[in-house]
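For the sequence shown, the positions run 6 to 547 when this note's numbering is used. From the three backbone atoms N, C-alpha and C, an ideal C-beta is built for every residue, glycine too. Quantities reported herein were computed from a predicted structural model and do not represent experimental measurements. Structure, as structure tokens:
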Amino acid sequence: MRKRKASGEISDVGRLMALVSKAGSSYCIRSDITRGRTGQNVAFGVVNNVEAPIMKEKSVIFSSLSCKNARVAQFFPLETVGFRSKRRNSVIVAASPPTEDALIATEPLTKQDLVGYLASGCKSKEKWRIGTEHEKFGFEIKTLRPMKYEQIAELLNGISERFDWEKVMEGDKIIGLKQGKQSISLEPGGQFELSGAPLETLHQTCAEVNSHLYQVKAVAEEMGIGFLGIGFQPKLGLKDIPVMPKGRYEIMRNYMPKVGSLGLDMMFRTCTVQVNLDFSSEADMIRKFRAGLALQPIATALFANSPFTEGKPNGYLSMRSQIWTDTDKDRTGMLPFVFDDSFGFEQYVDYALDVPMYFVYREKKYIDCTGMTFRDFMAGKLPCIPGELPNLNDWENHLTTIFPEVRLKRYLEMRGADGGPWRRLCALPAFWVGLLYDEVSLQSILDMTADWTSEEREMLRNMVPKTGLKTPFRDGLLWHIAEDVLKLAKDGLERRGFKESGFLNEVAEVVRTGVTPAEKLLELYHGKWGQSVDPVFEELLY
Numbered sequence: 006m007r008k009r010k011a012s013g014e015i016s017d018v019g020r021l022m023a024l025v026s027k028a029g030s031s032y033c034i035r036s037d038i039t040r041g042r043t044g045q046n047v048a049f050g051v052v053n054n055v056e057a058p059i060m061k062e063k064s065v066i067f068s069s070l071s072c073k074n075a076r077v078a079q080f081f082p083l084e085t086v087g088f089r090s091k092r093r094n095s096v097i098v099a100a101s102p103p104t105e106d107a108l109i110a111t112e113p114l115t116k117q118d119l120v121g122y123l124a125s126g127c128k129s130k131e132k133w134r135i136g137t138e139h140e141k142f143g144f145e146i147k148t149l150r151p152m153k154y155e156q157i158a159e160l161l162n163g164i165s166e167r168f169d170w171e172k173v174m175e176g177d178k179i180i181g182l183k184q185g186k187q188s189i190s191l192e193p194g195g196q197f198e199l200s201g202a203p204l205e206t207l208h209q210t211c212a213e214v215n216s217h218l219y220q221v222k223a224v225a226e227e228m229g230i231g232f233l234g235i236g237f238q239p240k241l242g243l244k245d246i247p248v249m250p251k252g253r254y255e256i257m258r259n260y261m262p263k264v265g266s267l268g269l270d271m272m273f274r275t276c277t278v279q280v281n282l283d284f285s286s287e288a289d290m291i292r293k294f295r296a297g298l299a300l301q302p303i304a305t306a307l308f309a310n311s312p313f314t315e316g317k318p319n320g321y322l323s324m325r326s327q328i329w330t331d332t333d334k335d336r337t338g339m340l341p342f343v344f345d346d347s348f349g350f351e352q353y354v355d356y357a358l359d360v361p362m363y364f365v366y367r368e369k370k371y372i373d374c375t376g377m378t379f380r381d382f383m384a385g386k387l388p389c390i391p392g393e394l395p396n397l398n399d400w401e402n403h404l405t406t407i408f409p410e411v412r413l414k415r416y417l418e419m420r421g422a423d424g425g426p427w428r429r430l431c432a433l434p435a436f437w438v439g440l441l442y443d444e445v446s447l448q449s450i451l452d453m454t455a456d457w458t459s460e461e462r463e464m465l466r467n468m469v470p471k472t473g474l475k476t477p478f479r480d481g482l483l484w485h486i487a488e489d490v491l492k493l494a495k496d497g498l499e500r501r502g503f504k505e506s507g508f509l510n511e512v513a514e515v516v517r518t519g520v521t522p523a524e525k526l527l528e529l530y531h532g533k534w535g536q537s538v539d540p541v542f543e544e545l546l547y
């Protein structure tokens, strides 16, 4: 997943942009926003206990407020309400992300503002939520060929009209749907993505997945379309994959071959499932970030589900994970600096400032700014838009173009797992919630991995796509560590008290046997399937 809508957030269009500057080591947000400076009418609504004015017209910046010596400014994007079109009760909203560009700021953004943006994600434990995202391949059941954009548009329109989703447009093309805090979007090759709402329990998360799959199937089956839960397109080459009409993807498609050999495969032929989780403080973010990075190779192994390329075994258990190792080294990887004593929000900002940009969004157009950095942008030195300075929307959009194994925004994204069948879509968030939302399990993971070296973490990340749970580690196999980790995840879920540990059954079988989903598919390929990948479209059909 190359972007996100999830934990604890409202929708991208009309999102509350809370900017919190750092005062010493404390961050805070005023919950009582005072008057705006425009004299326009403002409708107030409460989001995460922060009153958010929903502007009827242009964006504004509210006057700075004092809060324990921290400067707080509230930014609101254009088109927060969108425009309504009563076509069969559907509502059409502007394309998002990115949000519109007309944030009006009285002062240029500072680095401290960027730090404050990340820090504004801190929330107390009772407000922690679970945001799950998954992608899947749509295909014609008769031919096994991928859906064309025209079929995807028909499917999106059908879901919108039958199940009351709002349409998301880019120009005159439908590119997604929104309903409440859920959204459906398209990846570059037409991979169909659900970005779930921030939910309290795994029961709600799994119910959301089931409801989504029911709605998609209800429309798709009438069109002769099926959906495949796998990490990499098993049958077709890049030339056979349709290109979605989204401006940002055109810029990425042109840039990718300049910085790695597998970036186009990442864009057009991979699917993932990820979970987005909250943190309470900078210290809590650091602990979860480190635990997530250290254990990401275990998640990659447990969910490895992409052993085929163009009709044959590709030599990997997770080809999707392997592809990320040669996509773009500037914006991927295991981020060893997260384990430095000095790490915090500010250090992540320093990293992100120097990751090359893809684009800037202005006047409903994507402007190619590849190769320049956000640090250049802060100094007004982008040749693509000379002298122009960034706003918070630009920063938010830039953060969605960084792709490490764990990604920080105003929440943390666990990004190491292959797409898979629906039970695994419920198991992935269960795995990470049990480990990271329970204090005992989280501390146990940090203790277990405390003496792992940067070289060992990198070795696991590089070997696991090929050898899975059988990857050698110290005096044993990664499989043995996975046994301990799964027990911690199960114990953590049980201590949460929501009867959620059953969602781990799918990965418990993998840990019990040491056989990954990909190895099961390879066994079928060499046996019952007679060395054909075509049966996988039925085996992993949603």
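Considering only residues of the same chain and omitting the five flanking positions on each side of F382, which have a CB-CB separation below 6 Å? P395
T332 versus V173 - alpha carbon distance: 29 Å
A422 in three-state terms, based on DSSP: strand
Would you decide whether S125 is buried or exposed? Buried here means 16 or more other CB atoms lie within 10 Å of its CB. buried
What residue range is occupied by the uninterrupted alpha helix (DSSP H) comprising Y219? 207-225
If you run the structure through DSSP and keep just helix, strand and coil, what is F237? strand
Can you tell me which of R429, L417, L498, F197 puts its alpha carbon nearest to the alpha carbon of T305? R429
Thinking just about the alpha-carbon of each residue, which of E528, G507, F342 is nearest to the one in L433? G507
Could you check where the beta strand (DSSP E) with D452 kicks off and where it finishes? Segment 444-454 is the alpha helix (DSSP H) holding D452; no beta strand (DSSP E) there.
Taking the C-alpha atoms as reference points, what is the distance between D359 and L447? 31 Å
For the pair the stretch 441-461 and the stretch 313-325, tell me if three or more CB-CB distances fall below 8 Å. no
Please classify E543: is it buried, with 16 or more other beta-carbons within 10 angstroms of its beta-carbon, or exposed? exposed
For F232, which residues in the same chain have their Cβ closer than 6 Å to its Cβ, ignoring the five residues on either side in sequence? K141, G143, Y547
Sufficient close CB pairs (3 or more, under 8 Å) joining the stretch 393-413 to the stretch 215-226: no
Select from M261, F342, C431, D289 the residue whose C-alpha is nearest the C-alpha of R415. D289
So, helix, strand or coil for E511, using DSSP? helix
Which residues bound the beta strand (DSSP E) around N281? 277-282
Within-8 Å CB hit, H403 to chain D: Checking the listed chains, one finds no chain D in this structure; it contains a single protein chain.
How is K317 classed by DSSP in three states: helix, strand or coil? strand
Just the Cα atoms here: how many angstroms apart are R517 and P250? 44 Å
R401, buried or exposed, once every other Cβ within 10 Å from all chains shown has been counted against 16: Sequence inspection shows Glu at residue 401; the Arg mentioned does not correspond to that position. Flag for E401 reads buried.
The stretch 267-287 contacting the stretch 232-244, beta-carbon criterion three pairs below 8 Å: yes
Taking the alpha-carbon positions, what's the C431 to D118 distance? 36 Å
Would you check if the stretch 330-349 and the stretch 360-380 touch, i.e. whether three or more CB-CB distances between them fall below 8 Å? yes
Cβ shell of R167 (< 8 Å), same chain only, five flanking positions each side left out: Q220, A223, V224
I'd like to know whether the C-beta atoms of V354 and K116 end up nearer to each other than 8 Å. yes
What residue range is occupied by the uninterrupted alpha helix (DSSP H) comprising T305? 287-307
Nearest neighbour of R134, chosen from N281, T521, R462, F348 [CA to CA]: N281
Using beta-carbon positions only, say whether A202 and E213 come within less than 8 Å of one another. yes
Spell out a yes or no on whether the stretch 294-308 and the stretch 415-426 are touching, meaning 3 or more CB-CB pairs, one atom from each, closer than 8 Å. yes
Taking the CB atoms as reference points, tell me whether A299 and W457 lie closer together than 8 Å. yes
Between the Cα of F3 and the Cα atoms of E460, S165, K369, which residue gives the shortest distance? Lying outside 6 to 547, the shown extent of the chain, residue 3 is not represented and no answer is given.
Label H531 either buried or exposed according to how many other C-beta atoms from any shown protein chain fall within 10 Å of its C-beta, with 16 as the threshold for buried. exposed
Given a threshold of 16 other Cβ atoms within 10 Å of its Cβ, counted over all protein chains shown, does E511 qualify as buried or as exposed? buried
Would you mind sorting G535 into buried or exposed? The rule is 16 or more other CB atoms within 10 Å of its CB. exposed
Consult DSSP for Q117 and reduce its assignment to one of helix, strand or coil. helix
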